[in-house]
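Numbering (the UniProt record's numbering) for the sequence shown: 1 to 395.
Notes for the one structure printed next.
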Amino acid sequence: MSEQSPQGIPQISSKKLGVVGAGAGIVLALVVAIGLVSRASSSTQLKDWTEAQTIPTVSITVPADSQSKATLDLPGQLSAYSQAQIYARASGYLKSWKVDIGDHVKAGQVIAEIETPDLDQQLAQAKADMANTQAALTLAKATASRWKALPADATSPQEVDEKNSALAAQLAQLKSAQANVDRLQTLQKFKYITAPFDGIVTARNTDIGALINANGSSSNGLPLFEISDTRKLRVSVNVPQSDVAGIKVGTEATLTTPTHQGQTFTAKVSAFSQSVNANAGTTLVQFEVNNTDGLLLPGGFVNASIDQHSTPAAARLQVPSSALLFDKNGLRVATVDQNNHVVFKTITIARDAGKFIVVGSGLAATDRVISNPPDGLAAGDSVKIATAPKPDTKA
Numbered sequence: 001m002s003e004q005s006p007q008g009i010p011q012i013s014s015k016k017l018g019v020v021g022a023g024a025g026i027v028l029a030l031v032v033a034i035g036l037v038s039r040a041s042s043s044t045q046l047k048d049w050t051e052a053q054t055i056p057t058v059s060i061t062v063p064a065d066s067q068s069k070a071t072l073d074l075p076g077q078l079s080a081y082s083q084a085q086i087y088a089r090a091s092g093y094l095k096s097w098k099v100d101i102g103d104h105v106k107a108g109q110v111i112a113e114i115e116t117p118d119l120d121q122q123l124a125q126a127k128a129d130m131a132n133t134q135a136a137l138t139l140a141k142a143t144a145s146r147w148k149a150l151p152a153d154a155t156s157p158q159e160v161d162e163k164n165s166a167l168a169a170q171l172a173q174l175k176s177a178q179a180n181v182d183r184l185q186t187l188q189k190f191k192y193i194t195a196p197f198d199g200i201v202t203a204r205n206t207d208i209g210a211l212i213n214a215n216g217s218s219s220n221g222l223p224l225f226e227i228s229d230t231r232k233l234r235v236s237v238n239v240p241q242s243d244v245a246g247i248k249v250g251t252e253a254t255l256t257t258p259t260h261q262g263q264t265f266t267a268k269v270s271a272f273s274q275s276v277n278a279n280a281g282t283t284l285v286q287f288e289v290n291n292t293d294g295l296l297l298p299g300g301f302v303n304a305s306i307d308q309h310s311t312p313a314a315a316r317l318q319v320p321s322s323a324l325l326f327d328k329n330g331l332r333v334a335t336v337d338q339n340n341h342v343v344f345k346t347i348t349i350a351r352d353a354g355k356f357i358v359v360g361s362g363l364a365a366t367d368r369v370i371s372n373p374p375d376g377l378a379a380g381d382s383v384k385i386a387t388a389p390k391p392d393t394k395a
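Here you go:
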């Protein structure tokens, strides 16, 4: 009895089943192939992304022309053009003082008086001694005249010579006594302490009743007064050795001070120390500034922007100080070529301006300099250039 298929179900031959199986195999193979290709592509993309992440991103700058701003900014200290510490030449006690700190004085003006009892007594004694010597001289003159008037046979030449010698001795003693009186009178004038020049009293270290020593100071060892002429001030600036050549006598500097925000003062070079400080590598340069208005105070600090119009034309390119690299190969900067590869260039410094340095040689105006080279950067390394931030226009 033959087998029959259930009613309603179509019969599929073995040939058709083989075709269907082959088609499914092909589809499966395609799926596997596509998966392998996709995986390989993803692996390549991951590798490229990883390599891209290892390339450092740097900021670059183009060397600027420093000719438009040939200035050197350095700190300086103000001092009075003339300054004197006033000491006493006479011993005693301070009787009175006439001026205090901040007072203006004129040359020769009495600023204090010393009571000198010891000196007064010495002068009185010296005057008495001189009067005694004067009386002895008068007697010696009379005696010599009498002996000279005697007949030659009434006295001997020896006795006449003795009287004349006594007269000469009294004359010498009178001169000595007079000199001593003059000395003490001169010292007595020192009881009045006077100002040596026009100026301002900047210190007073004594008071009424204080013991004053003739060696100059008061009982506390300090000068009695200090007077400064502040109508003109000196400005002391230590200039780096590499920048001194660009400064001459008469070179101008613009001074600014925190005390007077927004106000500037003009000073001119008046002198050089003509030597280099071995420890600091600087030369002391002295400026002078007019201060008749009294706005600047001696002892204060200022910022001096010094004009350097004599900077050589070849040394006008400036780059940030952060771009400098100093190692066994010397002083260098890292630049980026047209293929974004690192190229190191050896340079020399013409002038150090603090945040910037002026390059003497080794750099071109078209070079792209890395502003702050990262550690481990090597020649030939690939770098990415950071996009310059847009300026903030918000108030």
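Just so it is clear, CB atoms sit at the ideal spot from N, CA and C, and this is done for glycine as well.
- Spatial neighbours of residue 166 in its own chain (CB-CB distance under 8 Å, excluding positions within 5 residues in sequence) are listed in chain order as 140, 143 and 144.
- For residue 184, the enclosing alpha helix (DSSP H) covers residues 157-189.
- In the DSSP assignment, residue 345 falls within the beta strand (DSSP E) that extends over 342-346.
- Listed as beta-bridge partners of residue 367 by DSSP are no residues whatsoever.
- In the structure shown, residue 25 adopts helical secondary structure according to DSSP, grouped into three states.
- About 7 Å separates the beta carbons of residue 233 and residue 79, which is inside the 8 Å limit, making them a contact pair.
- Contact check for residue 298 and residue 230: beta-carbon distance about 6 Å, within the 8 Å limit, so the pair qualifies.
- Distance between residue 180 and residue 173, taken at the CA atoms: about 11 Å.
- Its chain contains 341 and 342 as the residues whose beta carbon lies nearer than 7 Å to that of residue 380, once the 5 sequence neighbours on both sides are disregarded; these appear in chain order.
- Counting C-beta pairs closer than 8 Å gives three or more between the stretch 257-272 and the stretch 286-300, which meets the contact rule.
- The DSSP-derived three-state label of residue 134 is helix.
- Rounded to the nearest angstrom, the gap between the Cα atoms of residue 190 and residue 89 is 6 Å.
- In this structure residue 239 is not in contact with residue 227, their Cβ atoms being roughly 30 Å apart against a cut-off of 8 Å.
- Judged by DSSP in its simplified three-state form, residue 119 adopts helix.
- The stretch 104-121 makes no contact with the stretch 131-138; the number of CB pairs closer than 8 Å stays below 3.
- According to DSSP, residue pairing for residue 75 in a beta bridge involves 303.
- Around the C-beta of residue 170, 16 or more other C-beta atoms lie within 10 Å, and the residue is accordingly described as buried.
- In this structure, residue 202 keeps its C-beta atom at 8 Å or more from the C-beta atom of residue 241.
- Note that the stretch 57-65 touches the stretch 365-377; at least 3 beta-carbon pairs, one per stretch, sit closer than 8 Å.
- Across the structure, residue 376 and residue 325 are spaced so that their CA atoms are roughly 12 Å apart.
- The C-alpha of residue 244 lies about 23 Å from the C-alpha of residue 257.
- Of the candidates 129, 197 and 208, 129 places its Cα closest to the Cα of residue 178.
- Note on geometry: alpha-carbon atoms of residue 123 and residue 175 lie some 16 Å from one another.
- Under the DSSP assignment, residue 292 falls outside any beta strand (DSSP E); it carries neither an H nor an E label.
- Counting along the chain, residue 94 sits inside the beta strand (DSSP E) bounded by residues 92-97.
- By the neighbour-count definition (other C-beta atoms within 10 Å, threshold 16), residue 367 is a buried residue.
- When secondary structure is reduced to three states using DSSP, residue 65 falls in the strand class.
- Rounded to whole angstroms, residue 362 and residue 378 show a C-alpha spacing of 19 Å.
- In this structure, the CA atom of residue 289 is about 12 Å from the CA atom of residue 76.
- With a 10 Å radius around the Cβ and a threshold of 16 neighbouring Cβ atoms, residue 292 comes out exposed.
- As the crow flies, the alpha-carbon of residue 301 is around 31 Å from that of residue 207.
- The alpha-carbon separation between residue 156 and residue 121 amounts to approximately 45 Å.
- Residue 238 is bridged by DSSP to 284.
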